[in-house]
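If you count the sequence shown from 1, you need to add 24 to reach my numbering.
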Amino acid sequence: MSNVSSGRSLSDWGLEPAVNYIERVQRSDGLIPWYPDGPADPWDHVESAMGLSVAGRETAARRAYDWLADAQHDDGGLWATYGEAEPGDGAHAGDEPRKETHRSAYVAVGVWHHYRCTGDRAFLEALWPTVRDALEFACVRQAATGEIYWAVGADGEVYEDALVAGCASLYKSLACGAAIAAELGHGDERERWLEARADLGAAIRERPDRFDRTWESKSRYAMDWFYPVLCGVLTGEPARQRLEAGFDRYLEDGLGCRCVADEPWVTVAESCELVLSLAAVGELERAREIYEWLFQWTDDEGVFWTGYQFEDEEFWPGDRPTWTGGAAVLAADALSGLSGAAGLFTEPVFE
């Protein structure tokens, strides 16, 4: 049964400006930067493309996925960032070049999402090699204890540590990849990815010692709190309990979800993902309430700012990321059933 209520369209939610902005920022080659002339990364690129798919901008969305197919390396990975920094230069100037497993594999979520929006089987078949290779890139980096290592350097060296949020995202990617494989009749890949997903889920739920072993814990970040719920690692009562345990730490009443627990900053994208997580556990009234708060964080055009620093009372940072608009569209879809993919994050892909 769907966890949505009908009656509101994209325009009713006031989201047409956000979608128009994504399409306007998209480059001619299909890449969707964070903002005009800015950097891009594969995960946020997919998030933006998903917003286009929900809005029916099928040509622009297809161009985004074609870009991923063209940019993918022979090993199935993608550089962590593109755009403002040259491919392989890292997230910012001076960062070490790397390919991150969760960013590379997220194409599987986007491709399955686009197929559910459009029913375009030719698209699904055309992107199958990209999905297959991206997930294999991640699975090759899975440890015997279940977690999937975070990244691979330009020299091929694996960073043997793992992120909770990144691995939760990979858990969702493997589910969507398995769904694609089942749809296209690739049984071997389906079984392999479901097995990898099961091991990964067990690691996230039962082996906290396998994460953040070589760097400072990321538990300050809201994504570590709700991503296991958002991506289906936790469901039912354990999921509800996890969300409830974090509200006092992360939720700022009337404003949204903090990005980091100890910083006075709410962000629209994390708030939208929290909305999706709440919808996944059936907390629709609370999800809608939080979602309604977020429209105060738009510019005069109706495009979302990154977030709001509530001690300084200013939008900070002063950017309007495309992926924030994508997240807002996905949240509205989950609440209102705008597309055939409305249940992607609120209903199980596999039990």
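A virtual CB, placed ideally from N, CA and C, is assigned to each residue, including glycine.
Fair warning: this is a prediction, and the values are worked out from it, not measured in the lab.
Spatial distance of residue i from residue j (CA atoms)
{"i": "Phe328", "j": "Thr142", "result": "26 Å"}
{"i": "Thr125", "j": "Cys283", "result": "22 Å"}
{"i": "Tyr13", "j": "Leu267", "result": "Outside the shown range of the chain, which is 25 to 375, sits residue 13, and nothing can be said about it."}
{"i": "Asp157", "j": "Gly101", "result": "8 Å"}
{"i": "Gly342", "j": "Asp212", "result": "47 Å"}
{"i": "Ala186", "j": "Glu219", "result": "19 Å"}
{"i": "Ile228", "j": "Ser193", "result": "11 Å"}
{"i": "Leu34", "j": "His210", "result": "35 Å"}
{"i": "Gly38", "j": "Phe250", "result": "26 Å"}
{"i": "Val182", "j": "Gln166", "result": "11 Å"}
{"i": "Ala285", "j": "Glu307", "result": "22 Å"}
{"i": "Glu338", "j": "Tyr274", "result": "19 Å"}
{"i": "Val70", "j": "Pro345", "result": "13 Å"}
{"i": "Leu159", "j": "Asp336", "result": "42 Å"}
{"i": "Asp236", "j": "Gln265", "result": "23 Å"}
{"i": "Gly75", "j": "Asn44", "result": "10 Å"}
{"i": "Ala146", "j": "Arg244", "result": "43 Å"}
CA nearest to the CA of residue i, picked from the options
{"i": "Arg87", "options": "Glu40, Val135, Ser197, Leu102", "result": "Val135"}
{"i": "Asp223", "options": "Val70, Ala355, Thr169", "result": "Thr169"}
{"i": "Ala189", "options": "Thr259, Asp248, Asp323, His210", "result": "Asp248"}
{"i": "Trp321", "options": "Gly280, Glu307, Glu287", "result": "Gly280"}
{"i": "Glu261", "options": "His97, Arg231, Ser301", "result": "Ser301"}
{"i": "Phe334", "options": "Glu287, Val305, Val353, Glu309", "result": "Glu287"}
{"i": "Asp53", "options": "Ala84, Arg216, Gly62", "result": "Ala84"}
{"i": "Phe161", "options": "Ala175, Leu148, Glu149", "result": "Ala175"}
{"i": "Asp98", "options": "Ser128, Met74, Gly75, Leu258", "result": "Ser128"}
{"i": "Glu149", "options": "Leu208, Glu120, Val164", "result": "Leu208"}
Nonlocal neighbours in the same chain, by C-beta distance under 7 Å from residue i, ignoring five residues either side
{"i": "Ala64", "result": "Leu55, Ile56, Pro57, Trp58, Thr105, Tyr106, Gly107"}
{"i": "Glu297", "result": "Phe250, Leu254, Ala351"}
N- and C-terminal bounds of the beta strand (DSSP E) containing residue i
{"i": "Gln379", "result": "The question about residue 379 has no answer here: the residues shown for the chain are numbered 25 through 375."}
{"i": "Ala79", "result": "Counting along the chain, Ala79 falls outside any beta strand (DSSP E), and DSSP gives it neither H nor E."}
{"i": "Thr291", "result": "289–291"}
{"i": "Gly280", "result": "280–282"}
{"i": "Gly177", "result": "175–177"}
Residue i and residue j closer than 7 Å at C-beta
{"i": "Asp340", "j": "Gly278", "result": "Residue identity check: residue 340 is Trp in the sequence provided, not Asp. No."}
{"i": "Glu40", "j": "Arg81", "result": "no"}
{"i": "Cys191", "j": "Ala132", "result": "no"}
{"i": "Ala246", "j": "Glu294", "result": "yes"}
{"i": "Ala42", "j": "Gly331", "result": "no"}
{"i": "His138", "j": "Leu368", "result": "no"}
{"i": "Tyr130", "j": "Ser197", "result": "yes"}
{"i": "Val290", "j": "Glu276", "result": "yes"}
{"i": "Thr238", "j": "Ala303", "result": "no"}
{"i": "Ala203", "j": "Val373", "result": "yes"}
{"i": "Tyr89", "j": "Leu151", "result": "yes"}
{"i": "Ala358", "j": "Ala366", "result": "yes"}
{"i": "Arg122", "j": "Gly177", "result": "yes"}
{"i": "Val305", "j": "Ala263", "result": "yes"}
Residue i, enclosing alpha helix (DSSP H) - first and last residue
{"i": "Arg48", "result": "40–49"}
{"i": "Gly123", "result": "First, the residue type needs correcting, since residue 123 is Lys and not Gly in the sequence shown. First-last for Lys123: 122–124, but that is the beta strand (DSSP E), not the alpha helix (DSSP H)."}
{"i": "Cys191", "result": "188–208"}
{"i": "Tyr59", "result": "Here Tyr59 belongs to no alpha helix (DSSP H), and DSSP marks it neither H nor E."}
{"i": "Trp152", "result": "145–163"}
{"i": "Ser360", "result": "346–360"}
6 Å CB neighbourhood of residue i in its chain, flanking five on each side removed
{"i": "Ser363", "result": "Val78, Cys141, Asp357"}
{"i": "Ala205", "result": "Glu213, Arg214"}
{"i": "Ala311", "result": "Val299, Leu302, Ala303"}
Residues of its chain near residue i, where Cβ-Cβ distance is below 8 Å and the 5 sequence neighbours each way are ignored
{"i": "Arg231", "result": "Thr169, Gly170, Glu171"}
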